[in-house]
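Undergrad: Protein chains in written order, with my numbering: chain A, 7 to 328; chain B, 7 to 328. Glycine is no exception: its CB is placed at the ideal position from the N, C-alpha and C atoms. None of the values given here were measured: they were computed from a predicted structure.
1) Three or more C-beta pairs closer than 8 Å, one from the region 242-255 of chain B and one from the region 162-177 of chain B: is that the case here?
2) Can you grab the Cα-Cα spacing for the pair residue 56 of chain A / residue 299 of chain B, in whole Å?
3) In its own chain, which residues sit with a C-beta less than 7 Å from the C-beta of residue 240 of chain B, not counting the 5 before and 5 after it?
4) Can you tell which of A:71, A:50, A:63 and A:25 has the C-alpha that lies nearest to the C-alpha of residue 9 of chain A?
5) If contact means a Cβ-Cβ distance below 9 Å, which residues of the region 239-273 of chain A contact chain B?
6) Could you round the C-beta distance between residue 197 of chain A and residue 273 of chain A to whole angstroms and report it? I think they count as a contact, below 8 Å.
7) Where does the unbroken beta strand (DSSP E) through residue 165 of chain A begin, and where does it stop?
8) Considering just the uninterrupted stretch of the beta strand (DSSP E) at residue 278 of chain B, what are its terminal residues?
9) Would you mind reading off the limits of the beta strand (DSSP E) that contains residue 22 of chain B?
10) Can you name the residues that DSSP bridges to residue 139 of chain A?
11) Taking C-alpha atoms, which residue in B:180, B:151, B:230 and B:92 lies nearest to residue 19 of chain B?
12) Among B:223, B:40 and B:78, which residue has its Cα nearest to the Cα of residue 315 of chain B?
13) If you draw a straight line from the alpha carbon of residue 146 of chain A to that of residue 138 of chain B, how long is it in whole angstroms?
14) DSSP three-state call for residue 41 of chain A: helix, strand or coil?
15) Tell me the DSSP bridge mates of residue 117 of chain B?
16) Would you report the Cα separation of residue 268 of chain B and residue 153 of chain B, rounded to the nearest angstrom?
17) When the cut-off is 7 Å and only beta carbons count, does residue 102 of chain A lie next to chain B?
18) For residue 45 of chain B and residue 107 of chain B, I'd like the C-alpha separation in whole angstroms.
19) Near residue 202 of chain B, what residues of its chain come up, given a Cβ to Cβ distance below 8 Å and the 5 sequence neighbours on each side ignored?
20) Could you list which residues in chain A have their beta carbon closer than 8 Å to that of residue 169 of chain B, in chain order?
21) Since residue 53 of chain A is in the alpha helix (DSSP H), which residue starts that stretch and which ends it?
22) In or out: residue 324 of chain B buried (at least 16 other Cβ within 10 Å) or exposed?
23) Below 8 Å on the Cβ atoms is my guess for residue 76 of chain A versus residue 51 of chain A; work out the distance and round it to an integer in Å.
24) By DSSP, does residue 327 of chain A sit in helix, in strand, or in coil?
25) Going straight from the alpha carbon of residue 120 of chain B to that of residue 270 of chain B, what length do you get?
26) If I follow the unbroken beta strand (DSSP E) through residue 9 of chain B, where does it start and stop?
27) Return helix, strand or coil for residue 82 of chain A, following the three-state DSSP convention.
28) Going by DSSP in three states, residue 284 of chain A sits in which element: helix, strand or coil?
29) Return the bridge partner residues of residue 87 of chain B from the DSSP annotation.
30) Would you decide whether residue 247 of chain A is buried or exposed? Buried here means 16 or more other CB atoms lie within 10 Å of its CB.
31) What's the gap between the Cα of residue 160 of chain B and the Cα of residue 7 of chain B?
32) Quick check on the burial criterion: 16 or more other C-beta atoms within 10 angstroms. Buried or exposed for residue 286 of chain B?
33) Name the DSSP bridge partner or partners of residue 188 of chain A?
34) Just reading off the alpha helix (DSSP H) that residue 302 of chain A is part of, what are its end residues?
35) Counting only C-beta atoms, is residue 67 of chain B closer than 7 Å to chain A at any point?
36) How is the alpha helix (DSSP H) around residue 231 of chain A delimited, first residue to last?
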């Protein structure tokens, strides 16, 4: 019997990973290339297609490819493009779907990492059977993928879910964001955000902390987590503050789309209750009473190692089946 | 030829209006009852059904009713209920759908006023042909109805779109809201919100204003509008501040669901550019660059007089046709 498989592709600033994945989420084989080796997107897509051909060929006649799902920064599903990505070696609007169509007539879907994570959670993870939920990806920045009525929310321009760029407060006396604006959620809630919060607390407090020996560039969220685990008060307060900021904005999100659950994915979410507890407490405190106690705040159930390619590949099943 | 009609019902704290409406939005006939005359919801539904029968009967054999669409505060489409409504004479959970089923086997849909307004805008108004947009109703409070991928967003518990209860800023040194929380958007952006803002500006400023002769209870948004039109600086600043607060939160909404357009409906929206200009300017200023210049901020195109019953009735066409 021939098995239908999706090709999941995660295009990152350093590496591009790809995998053959069946409908149940089993990764049959995978590979990667160095994104930076290709100065032209045309050359990149050609090399990628060849490498995928290689692992598909190794499966012999047992698999049949259903389509290609691509997760990439600023991926736009409406247009099959990557648009002005900050972290990739290419600039402008990259017509990935069109470049693929030189090699295949199968469907090719492109979306951003957080949207791919949301679909992955629905097809393979903790959101199986849910029709309304949100996935928040916590990395260097903060991304969001929304599922409403069982479908991914793309929005009119293909850029829904940019929750990292909702604002924590009005006015301009706020943290500068890489996007050129001020006070964006990801300036507080992300691997970088928690470092900024830690510095702010160190500046305001006289408490001692092992982290006072590290420069901003030496710090990372794992070191802050480890210090908090050893009882460091400043590190603990940095997690509390980060969680509260997140919880505060989650309450807004609940009032907007009333999800059944919110999943936290990657990076800071691995700190477990250290971030979940303050986030959950603040969210519950801020929720309108009709929502209180009804929205689950959960860790992603996707296997972290393969989550990005699985999320990307799952686009194929979501679009075919739902 | 027999014409299919929807029955649109708008249950308000004082009056309940109902109308027979065809697919194009023509109101064939309408009527109303005094909501407060009925101490029990059972009696209310019986009287309502009788009155609707009366106007339907007058159409003779030319119309056939397709279903009943009901807009009501805290209407829950998932359950066909009205839940703990603040402004109605009944308390607890009112099973409107079930009460209707004593009299009819036709479909009965219940939702809140803002959701009904959103569907009305899609079926009869300025959002015809749009798949992703938001309607914001500005009245005593602020409500929201979201359409995503061409469908109304109900959420997991039937309470999506409570945009009036998203928060303007974290912390507790904010305006108290009727919901028991602090800093909700509707404490700034609503007929009541602008009065509160006006008082705050009067308190902080030494400028003279004709509105300094009116008590809080004597003030209303029309008087503030008229004063601003006559060049009153404090009234003008109250509109500017209200518009900016709205624009600030609209930018969050755009980053969340990336709508093609946002429609403002009722109340304050009738002040036209006095509220639209500061709202649009602040929204554009706050938008992430991928959205700039792409999201239209528009007045509702529904006829204000029949908008509530038309929105309610349109639920029938939305669910039958989309």
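TA: Based on what the coordinates show:
1) yes
2) Each residue's alpha carbon lies about 40 Å from the other.
3) Hits under 7 Å: 204, 207, 208, 211, 213, 215 and 217.
4) A:71
5) 250, 251, 254, 255, 257, 258, 259, 260, 261, 262, 263, 264, 265, 266 and 267
6) 5 Å
7) Run containing residue 165 of chain A: none; DSSP gives neither H nor E here.
8) Where residue 278 of chain B is concerned, there is no enclosing beta strand (DSSP E), given that its DSSP letter is neither H nor E.
9) 21-28
10) DSSP lists A:153 and A:267 as partners of residue 139 of chain A.
11) B:92
12) B:78
13) 29 Å
14) helix
15) B:77
16) Whole-angstrom Cα-Cα distance: 10 Å.
17) With 7 Å as the cut-off, residue 102 of chain A does not count as an interface residue toward chain B.
18) In this structure, the alpha-carbon of residue 45 of chain B lies about 20 Å from that of residue 107 of chain B.
19) 181, 193 and 194
20) Per Cβ cutoff of 8 Å: 261 and 262.
21) 47-64
22) buried
23) About 10 Å separates the two Cβ atoms, so there is no contact after all.
24) Its pLDDT being 49, under 50, residue 327 of chain A is placed unreliably in this model, and the coordinates cannot settle the point.
25) If I take the Cα positions, the gap works out to 11 Å.
26) Note, residue 9 of chain B: beta strand (DSSP E), 9-17.
27) strand
28) helix
29) B:82
30) buried
31) 35 Å
32) buried
33) A:182
34) No alpha helix (DSSP H) contains residue 302 of chain A, which is instead part of the beta strand (DSSP E) from 302-305.
35) Output row for residue 67 of chain B: interface = no.
36) 227-235
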